[in-house]
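Heads up, the thing below is written out as structure tokens.
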Amino acid sequence: MRVVRAGQIEERILLIRGEKIIIDADLAGFYGVPTKRLNEQVKRNLRRFPKDFVFRLTPDEAKEVV
């Protein structure tokens, strides 16, 4: 089991379009899996997530956070 401090999570929360988000790479890191694998599992199990759980950043937004 991987333990992540609450402070580590809070540091990775961003505000984009008025929404609090965590970038997929950071979320994958919390779970100890590759980002590609996290995204595959989300895509395969979309019905398990709220509709606002996943959204794509615009190219400009992506440049800001990367």
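For the sequence shown, the working numbering assigns the number 26 to the initial residue and increments by one for each residue that follows. Note that the Cβ used here is the ideal one computed from N, Cα and C, for glycine as well. Since the structure is predicted, the reported quantities are computational estimates derived from the model, not experimental observations.
Which one of the options has the shortest CA to CA distance from residue i?
i	options	result
Val90	Ile41, Pro75, Ile34 and Arg30	Ile41
Gly43	Pro84, Asp77 and Lys88	Asp77
Can you list, in chain order, the residues of its chain whose CB lies under 8 Å from that of residue i, leaving out five sequence neighbours each side?
i	result
Ile38	Lys45, Ile46 and Ile47
Pro75	none
Ala50	Thr60
Val29	Phe55
Gln33	Phe55
Arg27	Phe55, Tyr56 and Gly57
So, at 7 Å on beta carbons, what are the nonlocal neighbours of residue i in its own chain, with the 5 sequence-adjacent residues on each side left out?
i	result
Val67	Phe74 and Val79
Glu86	Ile41
Are the beta-carbon atoms of residue i and residue j separated by less than 8 Å?
i	j	result
Leu52	Leu63	yes
**OP:** Could you pull out every unbroken beta strand (DSSP E) segment of at least 3 residues lying fully inside the region 44 to 78, listed in chain order?
**Re:** 44 to 46
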